[in-house]
Amino acid sequence: MIEPSDLVELAPGVVLDDGTVVDVVRGTSVRANESALLVLAHANGATVAELGSLLARAGAPDGAGDARAFCAQLNRALLVNVRVRRGALLRRRLAAARYGVFACAPLRRLDARSLACVLRGLAPAGVALVLLTLPFAILAGEWTVAVAVGGGVVLHEVAHVVALQGVPRALVLDGLRPSVLHPPLGAVRTTVVAAAGPLAPSLAALGVAAFARSPACAPLAAHALGLTVLAPDGRNACALW
Amino acid sequence: MRPLVIAFLLGSLAVAITLFTAGFVLGIVAQNGGWSSFRIAAGPLVFFTFERTSRLTSTAFGSGLPLAAVAGGVLNALGAGFLRGRRGY
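Top to bottom, those sequences are chains A and B. For the first sequence, position 91 matches number 98 in the numbering used here, and the numbering has no gaps at all. For the second sequence, position 52 matches number 98 in the numbering used here, and the numbering has no gaps at all.
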């Protein structure tokens, strides 16, 4: 859900080079048309409304509408980040909920070159998961289970990033569902990278079960199901994409 | 062939880890809850045994666990085969 007051900026790893949009992380480059170049060249903190004015001045009949649709499309393609103020996002979600609609936050692509960047990017999602599950965990008398839910997701993505050492990568946040973007890899590396994510929390679960004897191992062990073809990681590991 | 072998290995690992951890959690819950001795088995195949004596409790995994892991691997490989066939590989 994108509104005129939202700020638009090029996603990390996306650059404009002589009329071409280059995605350093995916290793792709696409020739862009004039409208796309106009929007992307000014996507450095400008609002959607300002980009709409630019398009209108360039001859677009509905500059504001075009800018909104265009920014939404570029955001889905992970080429631009759209920043929504926290209060505004909550307000929009409440307004949409009145009509029975769940409003999704725009996708966010973050720099994942260093482990610190990845941890910083994953921290909000991890904390949110802990807070969401904490009431149920406290009711069950095992607050550590909530920590394992959030920690497991963080550990999962960190393991993917560590397995991608030396490969361009970016962290993508789709609400509370993080993922890692990277270029196509060789068969063996693909299997290793895909399996590393679910395997790390699963092995941590065995450690927690054996040494701490805590039920917190249950949510960590659930990541093992990500190794099967039921989950995207399992399908990627078996080259079934 | 390679995707099917990987699917078998990863499926076996996934089921083994899941069952092993589930057994541990069950053991912890049984110990804390003061449950009496029990075992989970399918005929002669024992998956899990919890024993409580007057002095201690013990949790043990039986031969059913590796067999269940192999069965999980076979199922995962069958799923991979189905997906491969459907996508025309």
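We put the CB at the ideal spot given by N, CA and C, even for glycine. Nothing here was measured: the structure is a model prediction, and the numbers come from that model.
Check your understanding: In the stretch 154–201 of chain A, which residue ranges form an unbroken beta strand (DSSP E) of at least 3 residues, counting only runs that do not cross its ends?
Key -> Note on the stretch 154–201 of chain A: whole beta strand (DSSP E) runs with a minimum of 3 residues are 177–181, 184–188, in chain order.
Check your understanding: From which residue to which residue does the beta strand (DSSP E) around A:ARG36 run?
Key -> Position 29 of the first sequence holds residue 36 of chain A. Before going on, a small fix: residue 36 of chain A reads as Ser here, not Arg. For A:SER36, the enclosing beta strand (DSSP E) starts and ends at 35–38.
Review point. Name the chain B residues that come within less than 8 angstroms of A:THR198, Cβ to Cβ?
Key: Residue mapping note: residue 198 of chain A aligns to position 191 of the first sequence, counting from 1. Within chain B, the residues ILE52 have their CB atoms less than 8 angstroms from the CB of A:THR198, given in chain order.
Check your understanding: Where do the N-terminal and C-terminal ends of the beta strand (DSSP E) with A:ALA223 fall, by residue?
Key -> Position 216 of the first sequence, counted from the first residue, corresponds to residue 223 of chain A. It is not in any beta strand (DSSP E) - A:ALA223 carries neither H nor E in the DSSP assignment.
Review point. Considering A:ALA53, what are the terminal residues of the beta strand (DSSP E) in which it resides?
Key: Here residue 53 of chain A refers to the residue found at position 46 of the first sequence. DSSP places A:ALA53 in the uninterrupted beta strand (DSSP E) bounded by 51–54.
Check your understanding: Cβ of B:LEU56 within 8 angstroms of Cβ of A:ALA76?
Key -> By one-based count along the second sequence, residue 56 of chain B stands at place 10. By one-based count along the first sequence, residue 76 of chain A stands at place 69. Against a cut-off of 8 angstroms, the Cβ pair of A:ALA76 and B:LEU56 comes out as no contact.
Practice item. Would you mind telling me which residues of chain A sit closer than 8 angstroms to B:ARG98, beta carbon to beta carbon, in chain order? Key: Taking the second sequence and counting its residues from 1, the one referred to as residue 98 of chain B is at position 52. Here the premise fails: no neighbours, minimum Cβ distance about 16 angstroms.
**Study point:** Reduced DSSP category for B:PHE96 - H, G, I as helix; E, B as strand; rest coil
**Key:** Along the second sequence, read from residue 1 onward, the residue named residue 96 of chain B stands at position 50. Three-state DSSP puts B:PHE96 in a strand.
Practice item. Tell me, please, which residues DSSP counts as bridged to A:VAL15. Key: Position 8 of the first sequence, counting from 1, holds the residue named residue 15 of chain A. Under DSSP, A:VAL15 shares a beta bridge with A:ALA53, A:VAL89.
Review point. For B:THR105, which of helix, strand or coil comes out of DSSP?
Key: Looking up residue 105 of chain B in the second sequence gives position 59. Three-state result, B:THR105: strand.
Practice item. Enumerate in chain order the residues of its own chain whose CB-to-CB distance from A:LEU185 is below 8 angstroms, with the five nearest sequence positions on each side excluded. Key: Taking the first sequence and counting its residues from 1, one reaches residue 185 of chain A at position 178. First, the amino acid is wrong: residue 185 of chain A is Pro here, not Leu. Contacts found: GLY128, LEU129, ALA132, VAL160, GLU164, LEU178, VAL179.
Check your understanding: Does B:VAL71 come within less than 8 angstroms of chain A when only Cβ atoms are used?
Key -> The residue you call residue 71 of chain B lines up with position 25 of the second sequence. For B:VAL71, the answer is yes, since a Cβ of chain A falls inside 8 angstroms of its Cβ.
Check your understanding: Going along chain B, which residues have a C-beta under 7 angstroms from A:GLY241?
Key -> Within the first sequence, numbered from 1, the residue matching residue 241 of chain A stands at position 234. The contacting residues are LEU56.
Check your understanding: Are A:VAL55 and A:VAL108 close, meaning C-beta to C-beta below 8 angstroms?
Key -> Locating residue 55 of chain A in the first sequence gives position 48, counting from the first residue. Locating residue 108 of chain A in the first sequence gives position 101, counting from the first residue. Contact flag unset, no.
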